[in-house]
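Chemist: These protein sequences, in sequence, are chains A and B.
Going by numbering that gives the first Met the number 0, 27 is the number at position 28 of the first sequence; the sequence numbering is gapless.
Going by numbering that gives the first Met the number 0, 222 is the number at position 223 of the second sequence; the sequence numbering is gapless.
Every residue, glycine too, gets a C-beta built ideally from N, C-alpha and C.
Since the structure is predicted, the reported quantities are computational estimates derived from the model, not experimental observations.
Submitted below is the structure of interest, expressed as structure tokens.
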Amino acid sequence: MPLINLPAFAPALAEDLAALKAERVDTPVIQPAAPFLDMAGEDLRRRIFLTESETGESLCLRPEFTIPVCIRHIETATGTPKRYAYLGEVFRQRREGSAEFYQAGIEDLGDPDVARADARAVADAVSVLARRLPGRPLAVTLGDQGVFEAVVAACGLPAGWQKRLIHAFGNHAHLARLLEALSDPEKTEVFNPELEKLAIRGLLEDEASLAAHIDATMQATGYSTNASRSPAEIARRLKEKLELESIRLDARTHGLLTEFLGVDVPLADAPAALFAFAERSGLDIAPALSRFDARVAAIRNAGVEPDIVTYRAAFGRPLDYYTGLVFEVTVKGETAVLAGGGRFDRLLTLLGAADRIPAVGFALWLDRIETAINEGRARA
Amino acid sequence: MTVTIGLPSKGRMKEDCSAILARAGLPVVAVGNDRSYRGRVDGREDIEIAFLSASEIAREIAAGTVDFGVTGEDLVREGLAEVDARVEFSARLGFGHADVVVAVPEIWLDVDTMADLADVAADFRARHQRRLTVATKYWRLTQQFFSQRHGIQLYRIVESLGATEGAPASGSADIIVDITSTGSTLTANHLKVLSDGVILRSEACLVRARRKEHDSDPVVAEIVERVRAVV
């Protein structure tokens with residue numbers, strides 16, 4: 000059936016993607032909903048179109064392609080490395096624009112050369128857009144969760160805090176609130192009566208007896224000890240939490256993290272800026288910086304004009320399967336994101352792949368590209 | 000224009016509503032027998048009463064079939080998107096108090112705050128091969144509170160239409176978001192409310208659908224004024 004609402008440039012775009020040596024795949028429009036909700040969180044539920052099968056299975060209209068393409072890869076067990084291209088309709092309620100629109104993109108699975116694969120994703124997105132928008136200058140914003148993770152680790156923060164900060168990375172308001180809360184000397188959590196009792200009985204000293212106490216209490220109150228959090232898990236985290244109780248984030252570290260998150264420079268200048276930050280702060284982030292530098296070099300080698308790319312240290316996505324690179328492409332000076340991508344090394348394992356499969360990819364927003372093309376025509 | 004007020008059709012809420020309206024000088028009488036679903040205000044041709052089931056009132060206000068409704072704030076905030084643009088909470092009536100809260104098993108000794116819960120949720124998948132599950136009938140309130148207020152994205156809602164507080168013990172969910180007035184049901188089920196886990200302090204409210212024609216309607220203004228004067 001010919002799709003008459005398909006943007007006119009779609010066939011040419013599909014050819015461009017094929018020329019980038021990616022195998023074109025299709026996935027059913029109707030998908031099981033659970034993987035999307037599991038991976039992206041409950042927030043997605045308001046935006047996707049849910050229905051139920053006759054047997055009560057929760058189904059949805061495909062809200063994006065990455066997860067179905069990855070699931071398909073796992074199911075067909077075709078081995079890696081593998082590059083997949085897709086072009087099709089997705090269904091998702093948005094603040095602006097129709098809730099049914101087209102996306103295309105590439106998912107690059109299993110390339111062990113991280114810098115090269117990252118650079119290729121950026122270069123592919125830019126080149127595909129440049130072919131649709133000749134003469135329009137593009138701008139790329141790039142972020143790297145790996146550098147943030149390295150900075151946080153080098154600050155010597157307790158493991159529990161590192162996790163919290165990394166989890167909040169990409170959500171500016173939440174991260175700022177978290178830094179404030181960790182710094183606030185007034186805000187120590189109360190030692191509640193329940194914990195007082197345990198302390199008096201000496202149970203907080205020893206993790207094993209604490210776990211045994213928790214186990215006994217759960218059984219006595221009719222809670223299963225293996226359906227949810229286990230006694231050992233609760234005991235371990237309680238110990239960790241009590242150790243953190245008296246510590247606050249010191250002003251110097253807070254200052255350093257804030258300074259780092261404020262870094263916003265042309266990509267060509269980013270290695271020097273990060274190196275200077277490391278020198279000034281005395282933080283040992285050398286391995287992360289050398290990976291960053293390798294990617295910058297690879298992006299240049301892949302043929303992306305370095306001066307169209309900006310590195311923003313605070314740019315990330317607060318989802319736990321994103322691991323390193325994130326990027327977005329717009330027409331320079333515009334806000335509409337035409338392509339968005341990133342590295343998601345954890346996704347395939349979360350979806351059930353037996354082996355760890357490094358992965359990077361990008362998605363193109365065809366309706367926004369069409370708008371940009373029309374704007375370009377109107378100007379000409 | 001006749002102004003329609005939607006009131007709960009039975010139970011304690013119905014009696015409390017009638018009492019407030021009587022104090023406000025708007026005594027409600029049933030049309031026909033006591034079980035009738037239509038009513039009127041004694042001596043007022045310009046006000047109609049529609050007796051509705053409590054769960055329908057928010058929807059009827061949103062649909063514009065009634066001008067006012069008396070119902071719990073929780074049901075209105077849960078039932079309608081962009082609620083403050085669509086309705087006005089004209090008066091808080093002082094009865095039907097209930098809090099919508101986040102409650103976790105008491106034995107989670109390490110979890111007292113939403114920040115603790117965020118830590119647990121972030122690690123949950125790695126430890127248990129599934130996301131943290133929340134049993135609730137308050138989908139919208141839970142999502143708004145968890146993700147917008149506390150940056151918690153990674154959890155799953157398990158719909159629960161009754162006996163929600165039993166879900167953690169039975170293993171059908173890890174934690175709950177539910178309504179509580181005294182907390183005794185939570186305690187009986189060995190659950191505790193997080194210290195910053197009160198999503199909403201709800202009570203019965205006089206709720207008005209925001210409609211243009213209300214601006215110039217003296218009856219609408221009079222009802223709001225009369226009710227506000229007695230609460």
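1. So with Cβ pairs under 9 Å, would you call B/Arg11 a contact of chain A?
2. Using a Cβ cut-off of 9 Å (strictly closer), state whether A/Ala152 contacts chain B.
3. Taking B/Ile156 as part of the alpha helix (DSSP H), name the residues at either end of that continuous run.
4. Helix, strand or coil for B/Ile60, going by three-state DSSP, please let me know.
5. Compute the Euclidean distance between the alpha carbons of A/Asp42 and A/Ala293, then round it to the nearest angstrom.
6. Can you check which of these residues, A/Val330, A/Arg130, A/Glu232 and A/Ala18, is closest to A/Leu209 by C-alpha distance?
7. Tell me whether A/Ile246 is buried or exposed, calling it buried when 16 or more other Cβ atoms sit within 10 Å of its Cβ.
8. Check each residue of the stretch 82 to 107 of chain B: if its Cβ is closer than 9 Å to any Cβ of chain A, include it; give the result in chain order.
9. Can you say whether A/Val28 is buried or exposed, counting buried as having 16 or more other CB atoms within 10 angstroms of its CB?
10. In its own chain, which residues sit with a C-beta less than 7 Å from the C-beta of B/Pro104, not counting the 5 before and 5 after it?
11. DSSP on A/Ser208, reduced to helix/strand/coil?
12. Can you give the Cα-Cα distance for B/Ile222 and A/Gly55, rounded to whole angstroms?
13. Using the C-alpha atoms, what's the distance from B/Gln152 back to A/Ala18?
14. Can you tell me which of A/Thr75, A/Gly40 and A/Leu86 puts its alpha carbon nearest to the alpha carbon of A/Ala11?
15. Out of B/Ile46, B/Val75, B/Thr186 and B/Ser194, which has the shortest C-alpha to C-alpha gap to B/Leu236?
16. Would you say B/Leu58 lies against chain A (beta-carbon separation less than 9 Å)?
17. In the stretch 126 to 144 of chain B, which residues sit with their C-beta less than 9 Å from some C-beta in chain A, listed in chain order?
18. Counting only runs that start and end within the stretch 116 to 177 of chain B, where is the beta strand (DSSP E) found for 3 or more residues in a row?
19. Does any residue of chain B bring its CB to less than 9 Å from the CB of A/Glu41?
20. Output yes if chain A places a C-beta closer than 9 Å to the C-beta of B/Leu20; else output no.
21. Given that a residue counts as buried once 16 or more other Cβ atoms are within 10 Å of its Cβ, and exposed if not, what is A/Trp220?
22. Could you give the distance in angstroms between the alpha-carbon of A/Ala33 and the alpha-carbon of A/Leu58?
23. Just the Cα atoms here: how many angstroms apart are B/Ser138 and A/Gly169?
24. Give every residue of the same chain whose Cβ lies closer than 6 Å to the Cβ of A/Thr252, excluding the five residues on either side of it in the sequence, and list them in chain order.
25. Please state whether DSSP places B/Arg39 in a helix, a strand or coil.
26. Assign A/Thr329 to buried or exposed, taking buried as 16 or more other Cβ atoms, counted over all protein chains shown, within 10 Å of its Cβ.
27. For A/Glu63, name the three-state secondary structure that DSSP assigns.
28. Count the other CB atoms within 10 Å of the CB of B/Thr135; is the residue buried (16 or more) or exposed (fewer)?
29. Please list the residues of the stretch 154 to 165 of chain B that have a C-beta atom closer than 7 Å to any C-beta atom in chain A, keeping them in chain order.
30. Let me check understanding here. Comparing Cα to Cα, which of B/Val40, B/Val99 and B/Ser8 lies closest to B/Asp177?
31. In angstroms, rounded to a whole number, what distance separates the CA positions of A/Leu174 and A/Ala287?
32. Which residues, in chain order, does the stretch 211 to 225 of chain A contribute to contact with chain B at a C-beta distance below 7 Å?
33. What is the C-beta distance between B/Ile19 and B/Val229, in whole angstroms, given that I count them as a contact (C-beta under 8 Å)?
34. Alpha carbon to alpha carbon, what distance is there between A/Trp364 and A/Met0?
35. With distances taken Cα to Cα, identify the nearest neighbour of B/Ser171 among B/Gly150, B/Glu224, B/Ser146 and B/Arg130.
36. Once the 5 residues before and after A/Asp366 are set aside, which same chain residues still bring their CB inside 8 Å of it?
Modeler: Checking against the coordinates, here is how it stands:
1. no
2. no
3. Run containing B/Ile156: none in the alpha helix (DSSP H); it sits in the beta strand (DSSP E), Tyr154 to Glu158.
4. helix
5. 35 Å
6. A/Glu232
7. exposed
8. Pro104, Glu105, Ile106 and Trp107
9. exposed
10. Pro167, His189 and Leu190
11. helix
12. 46 Å
13. 37 Å
14. A/Leu86
15. With chain B covering 0 to 230 only, the question about residue 236 of chain B has no answer from this structure.
16. Checking the sequence shown, residue 58 of chain B turns out to be Arg, not Leu. Not an interface residue.
17. Arg126, His127, Arg129, Arg130, Leu131, Thr132, Val133, Trp138, Arg139, Thr141 and Gln142
18. 131 to 135 and 154 to 158
19. yes
20. no
21. Looking at the sequence shown, residue 220 of chain A is not Trp but Thr. With fewer than 16 other Cβ atoms within 10 Å, it is exposed.
22. 8 Å
23. Per the sequence shown, residue 138 of chain B should be read as Trp rather than Ser. Cα-Cα distance, rounded: 25 Å.
24. Cys154
25. strand
26. buried
27. coil
28. buried
29. Tyr154, Arg155 and Ile156
30. B/Val99
31. 21 Å
32. Ile213, Thr216, Met217, Thr220, Gly221, Tyr222 and Ser223
33. 6 Å
34. The predicted model places A/Met0 with a pLDDT of 46, which falls under 50 and marks its position as unreliable; any figure quoted below should be read in that light. Looking at the two C-alpha atoms, the distance is approximately 22 Å.
35. B/Arg130
36. Pro6, Gly96, Ser97, Phe100 and Tyr101
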